[in-house]
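Peer 1: Residue numbers (my numbering): 1 to 266.
Built from N, CA and C at the ideal position, the CB exists for glycine as well.
Dropping the structure in here first, questions after.
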Ligand code: PGA
């Protein structure tokens, strides 16, 4: 039995005061709720104050990215050890926005600017390994762009991201991880993927893990859906047998995020 997990990806939003107020509201609303795990993933600058505000409660803390190196001359980077140091349990890795794969790219961005968001599968695999080595749980993201979906290559794209991202990992390591299937065209667009189609692709992801690492890993790994998940559609998403939770962007910035956790808890 896989415990559902609802994670809020705050992206580049919130001041310290706003973030602390939000987690205080969430903590109050989720008193006594068991049966689903709740995670918030604030920007780096908020991690310590949010960790302090969450201390002793049931909501877990995650980061949105990290470097694969442990320490050294990597200006602007944050290591897995630093994330552990501020009490992170989870870290989102390989989000489509970190890979430079945006559902809608701002009009004045050209390819040169997109290079600033250049994670590829090799980078994601290194980050996943470094996170696991430090005792963090990766939430590894995958998903196809609109162009890839229209070309009919969704299943191949997603399976290939999974094989590359999990390269050289053990069944035990993958069993403890979280994977997020996020169709790029559904992120921040209000266009939720039909839950039955999300369920189908997540079935492909689980089959890919099964082929790579066997039944125990495939049956244990939790796979979330992400992309315009809201309090209004979470029940239908959670009703799908392959879907173990949601990675939530926009709707995680409001106290109603607690409703999503409660719905997942059943
Ligand atoms: P969204 O973002 O819920 O705002 O679509 C999801 C995500 O990018 O994780």
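Answer yes or no: do residue 198 and residue 243 have a C-beta to C-beta separation smaller than 9 Å?
Peer 2: Contact: yes.
Peer 1: Return the CA-CA distance between residue 33 and residue 26, expressed in angstroms with no decimal places.
Peer 2: Residue 33 and residue 26: Cα-Cα distance of roughly 11 Å.
Peer 1: If contacts are defined as beta-carbon pairs under 8 Å, then residue 78 and residue 66 qualify, I think. What distance do you get, rounded to the angstrom?
Peer 2: Contact flag correct, Cβ pair sits at about 5 Å.
Peer 1: With a threshold of 8 Å, establish whether the CB of residue 32 neighbours any heavy atom of ligand 1.
Peer 2: Not under cutoff, so the answer is no.
Peer 1: CA-CA distance, residue 184 and residue 56?
Peer 2: Looking at the two C-alpha atoms, the distance is approximately 35 Å.
Peer 1: Give the range of the beta strand (DSSP E) segment to which residue 138 is assigned.
Peer 2: Run containing residue 138: 137-142, per the beta strand (DSSP E) assignment.
Peer 1: Could you pull out every residue in the same chain whose Cβ sits closer than 8 Å to the Cβ of residue 202, ignoring the five residues on either side in sequence?
Peer 2: Answer for residue 202: 181, 223, 225, 240, 242 and 243, listed in chain order.
Peer 1: How many whole angstroms separate the CB atoms of residue 30 and residue 261, which I take to be in contact at a CB cut-off of 8 Å?
Peer 2: The pair is a contact, with the Cβ atoms about 6 Å apart (cut-off 8 Å).
Peer 1: Just how far apart, CA to CA, sit residue 137 and residue 255?
Peer 2: Using only the alpha carbons, I get a separation of about 25 Å.
Peer 1: Residue 30 lies in the alpha helix (DSSP H); which residues open and close that run?
Peer 2: Here residue 30 belongs to no alpha helix (DSSP H), and DSSP marks it neither H nor E.
Peer 1: Hey, how far is the Cα of residue 103 from the Cα of residue 145?
Peer 2: Distance between the alpha carbons of residue 103 and residue 145: 7 Å.
Peer 1: Ligand 1 heavy atoms versus the CB of residue 233: any closer than 8 Å?
Peer 2: No, ligand 1 has no heavy atom inside 8 Å of this Cβ.
Peer 1: Do the stretch 106-116 and the stretch 69-78 meet, that is, are 3 or more Cβ pairs less than 8 Å apart?
Peer 2: These segments do not touch.
Peer 1: Using the Cβ count rule (16 or more neighbours within 10 Å means buried), how would you classify residue 115?
Peer 2: Counting Cβ neighbours within 10 Å, residue 115 comes out exposed, since fewer than 16 surround it.
Peer 1: Taking the alpha-carbon positions, what's the residue 156 to residue 4 distance?
Peer 2: So the two alpha carbons sit approximately 26 Å from each other.
Peer 1: Counting only the same chain and skipping the five closest in sequence on each side, list residues whose C-beta sits under 7 Å from that of residue 113.
Peer 2: So the list is empty, once near-sequence residues are dropped.
Peer 1: Could you check what DSSP says for residue 191 in three-state terms: helix, strand or coil?
Peer 2: In the structure shown, residue 191 sits in coil (DSSP, three-state: anything other than H, G, I, E or B).
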